[in-house]
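Enquirer:
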Amino acid sequence: MDQHPIIHTAALRKIYGMGDVAVAALDGVSIRIEPGEFVAIMGPSGSGKSTLLYLFGGLDRPSSGHIQIDGQAVETLDEHALALFRRRTIGFIFQSFNLIPTLTALENVAFPLRFAGVPRRQRQLRANELLQRVGLGDRIFHRPTELSGGQQQRVAIARALVNNPQIILADEPTGNLDSSSGHSVMQLLAELHSQGRTVLVVTHDPRMTTYATQTIYMLDGRIVSEATYQQSLNTVALSVSSAEDGNEP
Numbered sequence: 002m003d004q005h006p007i008i009h010t011a012a013l014r015k016i017y018g019m020g021d022v023a024v025a026a027l028d029g030v031s032i033r034i035e036p037g038e039f040v041a042i043m044g045p046s047g048s049g050k051s052t053l054l055y056l057f058g059g060l061d062r063p064s065s066g067h068i069q070i071d072g073q074a075v076e077t078l079d080e081h082a083l084a085l086f087r088r089r090t091i092g093f094i095f096q097s098f099n100l101i102p103t104l105t106a107l108e109n110v111a112f113p114l115r116f117a118g119v120p121r122r123q124r125q126l127r128a129n130e131l132l133q134r135v136g137l138g139d140r141i142f143h144r145p146t147e148l149s150g151g152q153q154q155r156v157a158i159a160r161a162l163v164n165n166p167q168i169i170l171a172d173e174p175t176g177n178l179d180s181s182s183g184h185s186v187m188q189l190l191a192e193l194h195s196q197g198r199t200v201l202v203v204t205h206d207p208r209m210t211t212y213a214t215q216t217i218y219m220l221d222g223r224i225v226s227e228a229t230y231q232q233s234l235n236t237v238a239l240s241v242s243s244a245e246d247g248n249e250p
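Start counting the sequence shown at 2; every next residue gets the next number (this note's numbering).
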């Protein structure tokens, strides 16, 4: 029997604006992702990759087309049902960390469990366990301003795991980090994948593809082949080089 995909989209479109100013952020995207895959989504700014991730995470809704996550047609859910589904199924990691500055690392990680009605003591135990797992057991009472960028992203990863989601969605998780911290975050995501989770990462960093079981390339709201993607990058690089040469005295 064929395994059902954990994420499946068909002719997915997302339009911003109206009439003459309408812009297709996604234009007919069809994807199939199997449970337990590590997927890297590559593309330049404005290619639609973050929009796609937000649709997967239930943070936005498609203009048309279908999107199914873990067997659920998410575009049919009302806001309350969507929030419950997202909390149970999805863990989101943002480039800018999105930590609450007045809370400690422990409190930030435990925070989502308040909405699930988990008692305070259990919230603290779960958050402490996850912070230990991501190597921050000695930083649990530090606030975000007292942590490095790499440490803040580890707190964000622990928070994404607190509800034990099947799917981890990461939007440029290494974008604000130095090379060493970025590498550590990549290894942590690879570890989560090895534990059986489905991991999707939007990235500009080609190093991420070495961890991926599937790489999706995007341009102008569409999925393209690797060859087309590389050709586009080469064209941009050539244009920049020509412009710089033209500015030389």
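Virtual Cβ for every residue (Gly too), placed ideally from N, Cα, C. Keep in mind it's a predicted model, so treat the numbers as computed, not measured.
(1) List the whole-angstrom C-beta distance separating Val-132 from Val-110, where the pair is believed to meet the contact cut-off of C-beta under 8 angstroms.
(2) Going by C-alpha distance, which of Thr-103, Val-30, Pro-145 and Leu-189 is nearest Asp-221?
(3) Given 8 angstroms as the limit, is there contact between the segment 226 to 237 and the segment 60 to 67, that is, 3 or more CB pairs closer than that?
(4) Classify His-81 as buried or exposed, calling it buried when 16 or more other Cβ atoms lie within 10 Å of its own Cβ.
(5) At a cut of 8 angstroms, does the segment 184 to 202 reach the segment 35 to 47 through at least three beta carbon pairs?
(6) Can you name the start and end residues of the alpha helix (DSSP H) that Ser-195 belongs to?
(7) DSSP state of His-9, grouped into three classes?
(8) Going by the DSSP bridge assignment, what does Leu-170 pair with across the sheet?
(9) Can you name the start and end residues of the alpha helix (DSSP H) that Ser-51 belongs to?
(10) Excluding sequence positions up to five away, which residues of its chain have a Cβ less than 6 angstroms from the Cβ of Asn-210?
(11) Return the chain-ordered ranges of every beta strand (DSSP E) run that is complete within the segment 65 to 153 and spans a minimum of 3 residues.
(12) Starting from the Cα of Ile-158, find the closest Cα among Ile-224, Phe-116, Ser-46 and Phe-98 and give me that residue.
Expert: Per the coordinate set shown:
(1) For clarity, residue 132 is Leu in the given sequence; the question names Val instead. Correct: roughly 6 angstroms between the Cβ atoms.
(2) Val-30
(3) no
(4) exposed
(5) Yes: at least three Cβ pairs fall under 8 angstroms.
(6) In the DSSP annotation of this structure, the continuous segment of the alpha helix (DSSP H) that includes Ser-195 starts and ends at 180 to 195.
(7) strand
(8) Phe-93 and Leu-201
(9) According to the DSSP assignment, Ser-51 belongs to the alpha helix (DSSP H) that extends over 50 to 57.
(10) A small fix is needed here, since residue 210 is Thr in this sequence, not Asn. Only Ala-41 and Thr-216 meet the Cβ criterion.
(11) 65 to 70 and 91 to 94
(12) Phe-98
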